[in-house]
Amino acid sequence: MKPTTRTFAIRGLIAIAVLVVIAVLINVASGNHFLRTGNIVSVLRQITYNCILGIGETFVIITAGIDLSIGSLVSLTGVLMAIIANALPFHGFALIAVTLIAGLAIGAAAGYINALPVVKLNLPPFITTLAMMQVALGLSYIASNGRPVELNSSDFQGTGVGTFLHSGLPNPVIWMFVVLGLTSTLLMRTRFGRYVFALGGNEEAARLAGVRVGQVKTWVYVISGMCAAVVGFLYMAQFSSGSPQTGTGTEMLYAIAAVVVGGTSLMGGRGSIVGTFFGALLIGLLNNAMNLLGINSYLQWVVLGGVILLAVIVDELRKRYLKKA
Amino acid sequence: MRDIGKSFPGVRALDGVTFDLREGEVHALVGENGAGKSTLMKILAGAQPADSGIIAVDGNVVAIDSPAAAEKLGIGMIYQEFNLVPSLTPAQNIALGYEPVSNGLLDERATRERAKKVFDELGITIPLDIETALLSVAQQQMVEISKVLSRSARIIVMDEPSAALTNREIDRLFDIIQTLKARGAGIVYISHRMEELPRIADRITVIRDGKAIETRDAKDFPPDDIIRAMVGRTLDTHFPDLPPVAPDAPFKLQVRDLQGHGVNGVSFDVRAGEIVGLAGLVGAGRTEIARAIACADVPRSGTISVAGNPQKFRSPIDAILAGVALITEDRKGQGLVLGMSVRENMTLAHLAQFVNGGMLIDRKKETATALRFIQELRIRTPGAEQEVRNLSGGNQQKVVLAKWLLGDAKVLIFDEPTRGIDIGAKAEIYALMVNLAKAGAAIVMVSSELPEVLGMSHRILVVNGGRIVREFARAEATPDAVIAAATGAAA
Chain A
1 MKPTTRTFAI RGLIAIAVLV VIAVLINVAS GNHFLRTGNI VSVLRQITYN
51 CILGIGETFV IITAGIDLSI GSLVSLTGVL MAIIANALPF HGFALIAVTL
101 IAGLAIGAAA GYINALPVVK LNLPPFITTL AMMQVALGLS YIASNGRPVE
151 LNSSDFQGTG VGTFLHSGLP NPVIWMFVVL GLTSTLLMRT RFGRYVFALG
201 GNEEAARLAG VRVGQVKTWV YVISGMCAAV VGFLYMAQFS SGSPQTGTGT
251 EMLYAIAAVV VGGTSLMGGR GSIVGTFFGA LLIGLLNNAM NLLGINSYLQ
301 WVVLGGVILL AVIVDELRKR YLKKA
Chain B
326 MRDIGKSFPG VRALDGVTFD LREGEVHALV GENGAGKSTL MKILAGAQPA
376 DSGIIAVDGN VVAIDSPAAA EKLGIGMIYQ EFNLVPSLTP AQNIALGYEP
426 VSNGLLDERA TRERAKKVFD ELGITIPLDI ETALLSVAQQ QMVEISKVLS
476 RSARIIVMDE PSAALTNREI DRLFDIIQTL KARGAGIVYI SHRMEELPRI
526 ADRITVIRDG KAIETRDAKD FPPDDIIRAM VGRTLDTHFP DLPPVAPDAP
576 FKLQVRDLQG HGVNGVSFDV RAGEIVGLAG LVGAGRTEIA RAIACADVPR
626 SGTISVAGNP QKFRSPIDAI LAGVALITED RKGQGLVLGM SVRENMTLAH
676 LAQFVNGGML IDRKKETATA LRFIQELRIR TPGAEQEVRN LSGGNQQKVV
726 LAKWLLGDAK VLIFDEPTRG IDIGAKAEIY ALMVNLAKAG AAIVMVSSEL
776 PEVLGMSHRI LVVNGGRIVR EFARAEATPD AVIAAATGAA A
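In the order they appear, the protein sequences are chains A and B. What the first sequence shows, in the numbering used here, is residues 1 to 325, in sequence order. What the second sequence shows, in the numbering used here, is residues 326 to 816, in sequence order.
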């Protein structure tokens, strides 16, 4: 029998019920700390960067590609934006806006370069973005002489560490939700978004249906680069400096983990931005709960690795189930 | 092989076929596309199980339940698509799975010697140390034959071995087959080419509709008789009446000297309201012509005019914008995004129609359109949101059709429109094609089913070697004449 919408809904409810029970248990074990508003907000703050990077990565992965360069691009755009901001004669909003736009342009350009060999020569994105990862990291050290570039202006501090209109929500969390809303609309409600799915599901069918395959592919890497630039910007605003050391190489792993845990298929054609948010949230909550329960941080790595593996296995089993249906 | 039966869902592929092969004999197996030749041979090679019947080798009844079991019995299969690893050398390919080992390590020298020995026996010279991908098709075929021989095969099945070869290469192939015969091997030779049968075959068996129709010695089986046995049926009459085409109807599609991948100078016209059938054998170039017109493969040269306007297509988008729709032969590979819903597949090629305010997709409008087509085309699906992978072949094909009906196509190219779908859905698709023609579209139909071509075309163009070799008006096209033209028997 084919699964109906109703059985899916029931399964969803069961999953949520199980999660609630687990959350309550953790809450009890952590001395009523886990479910406190302050703790939830701090988890949201912690997942901001990973979530935004994961969002960019989601676009790429739905086309059955991968972008390994995002961590290095966070460093590169952060360093270059700090240099640009120090050179600009503006203040206040104008300074912030021009710096951000410059950063987005740099991220977009890096994404474009990532996409070129993929589109023109059909090279695997694993290789081209791996190369970009090294190039961008090297450039960020060269541009900064290996040291963090301190911001002359303090105008960025509100963005990096302030809260939104006395709501208690940190500004970066608001940024995350804005990016989430924009990209989710782009992916789910526009022609471009539809083509991203079509391309990942069956590239040849998409091409024969008149989809400009090369353009769509280029744009997903550009979007991924721009998401990295947003994170670079927020990092810079948070620390009042652009540092080549922000991108340590693990950002990309966590971002891909959030995407996969969020239900986006590494084989392409299936996924969602909201799923990636929940993937990042789940990983964030898991880390938070393990911290509260005093679990050894090395063991936390092992657990996180297990969760990623589990997510991929579930994806594969679901595919097999569909094939049989 | 005695009384072999095999059914696929909805099709009786083999209906009690009996076939035998003697030592040192070439037994040719001929029949139309889909007659059951390949299925029979796949059963012999253990690639598919038979539903009924028995197979005996050297008089002993055997069970062939896997390719490995077939190999052990000395049955070797040479498919049209070779099973060679392109990045390995010919010698490594021949040894694949049986690599000689010394002290736990691969023995490359023994590997090469083994290949050399087989090549010498066959009297052929092929470089041993280059990548197989660099060899010509003919050479790769020799490697394939050598591979089978090195596993001491005594029963060798060759599926259309001459299809991709030049005349000189075919001569070499026949020499090798003579060598194999002399060594006592039995060879099953599947071919479409009438003219080569008397040269190579000792006996010929004709298969039609899953039955072995007739077996005779090759010298007593003239081509005319073979063709009659291959066709030998009255035409089915479940085709709708074709509305007549006005002799002065405007040309909707004009193709002039089209050249490209597998297309060698093709010119033809299709008038508004006309259905033109492209007949021919597998590999004759019909699909290639269809793809070149719609720019699925960019043609090298030639001109295409749609409704009198010359076009310069550089990508499928240009063709779509000009009003050319290609309904591809391979639904799952090229026509549909299986993981997407019925609605999303239908609107994919014309999404611009569903965008409001220039930005967002109007999902309500999409759903309304999808539901309308589901009803009009009688697509059996639980709803517009169902993933197309869950639909049957016929209903999937209707989704593909809806995708193109959404646009304002002037020219529709159907490549194997009814392959693998049931009779009911077939009739509905035929009716739809007639309605499109009545509405003034020009239709080009590629089909391997002879009755379909004859029953559904105003005119029939027979394709061979990437060229149009004969043209038949509907009235003068008989099955025998079309098959004769397609096989080159009436050259």
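Glycine included, every Cβ here is placed at the ideal spot set by N, Cα and C.
Query, Result
"For T129(A), I'd like the list of residues in its chain whose CB is within less than 7 Å of its CB, leaving aside the five on either flank, ordered along the chain.", "I66, D67, L68, S69, N114"
"Anyone know if the C-beta pair for T457(B) and Q466(B) falls short of 9 Å?", "no"
"For N202(A), decide whether its Cβ has a neighbour in chain B, counting only Cβ atoms nearer than 9 Å.", "yes"
"Among the residues of its own chain, which have a CB less than 8 Å from the CB of P575(B), if the five just before and after it don't count?", "R596, A597, A632, G633"
"If we call anything under 9 Å between Cβ atoms a contact, is G371(B) one with V382(B)?", "no"
"What residues in its chain sit with their C-beta under 6 Å from that of Y112(A), if we drop five residues either side in the sequence?", "V222"
"Short check: CB of G247(A) to CB of S140(A), under 9 Å?", "yes"
"Buried or exposed: where does T559(B) fall if 16 or more other Cβ atoms within 10 Å of its Cβ makes it buried?", "Note that T559(B) scores 48 on pLDDT, short of 50, meaning its location in the model is unreliable and no value can be drawn from it."
"If I measure Cβ to Cβ from T653(B) and keep anything under 6 Å in the same chain, skipping five residues before and after, which residues do I get?", "Q659, G660, D740"
"R697(B): buried (16+ other C-beta within 10 angstroms of its C-beta) or exposed?", "exposed"
"So what does DSSP say about M483(B), is it helix, strand or coil?", "strand"
"Return helix, strand or coil for T540(B), following the three-state DSSP convention.", "strand"
"Run through the DSSP bridge pairs and tell me what I113(A) is partnered with.", "DSSP output for I113(A) lists no bridge partner at all."
"Rounded to the nearest angstrom, what separates A644(B) and A810(B) at their Cα positions?", "31 Å"
"Using a C-beta to C-beta distance shorter than 8 Å, which residues of chain A count as neighbours of E669(B)?", "R194, F197, A198"
"Can you list the residues of chain B that T190(A) reaches, using a CB-CB cut of under 7 Å?", "M684, L685, I686"
"Which of the residues in the stretch 629 to 661 of chain B, read from start to end, lie with their CB under 7 Å from any CB of chain A?", "P641, I642, I645, L651, T653, G658, Q659, G660, L661"
"Report yes or no: is there a C-beta of chain B within less than 9 Å of the C-beta of A280(A)?", "no"
"Strictly under 9 Å for the Cβ-Cβ distance: is A674(B) near chain A by that measure?", "yes"
"When you check each C-beta in the stretch 257 to 281 of chain A against every C-beta of chain B, which residues fall closer than 7 Å?", "G269, R270"
"I'd like to know whether the C-beta atoms of A615(B) and A209(A) end up nearer to each other than 9 Å.", "no"
"Helix, strand or coil: which one does DSSP assign to Q503(B)?", "helix"
"In the DSSP assignment, what are the bridge partners of F839(B)?", "Since the first residue shown for chain B is 326 and the last is 816, residue 839(B) is missing from the structure and cannot be characterised."
"Give me, in chain order, the residues of the same chain whose beta-carbon lies closer than 8 Å to that of V173(A); leave out the 5 immediate sequence neighbours on both sides.", "V41, L44, R45, T48, F164"
"Taking Cβ-Cβ distances shorter than 8 Å, what residues in chain B pair up with L326(A)?", "The first residue shown for chain A is 1 and the last is 325, placing residue 326(A) beyond what the model contains."
"Would you check if there are 3 or more beta carbon pairs closer than 8 Å linking the stretch 344 to 354 of chain B to the stretch 523 to 536 of chain B?", "yes"
"Spell out whether any CB of chain B is found under 9 Å from the CB atom of V211(A).", "yes"
"Starting from D550(B) and walking both ways along the alpha helix (DSSP H), at which residues does that stretch end?", "548 to 556"
"Using a Cβ-Cβ cut-off of 7 Å (strictly less than) and excluding sequence neighbours within five positions of G146(A), which residues of its own chain qualify?", "P244"
"Answer with yes or no whether the minimum CB distance from A206(A) to chain B is below 9 Å.", "yes"
"Taking Cβ positions only, does T218(A) come closer than 9 Å to chain B?", "no"
"Tell me whether S475(B) sits in a helix, a strand or coil according to DSSP, three-state version.", "helix"
"Please identify the residue among Q405(B), D345(B), I403(B), S772(B) whose C-alpha is closest to the C-alpha of D655(B).", "S772(B)"
"Over what stretch of residues does the beta strand (DSSP E) that includes Y514(B) continue unbroken?", "511 to 515"
"Using a Cβ-Cβ distance cut-off of 9 Å, determine whether T185(A) contacts chain B.", "yes"
"For the stretch 201 to 218 of chain A against the stretch 662 to 669 of chain B, are there 3 or more C-beta pairs whose distance is under 8 Å?", "yes"
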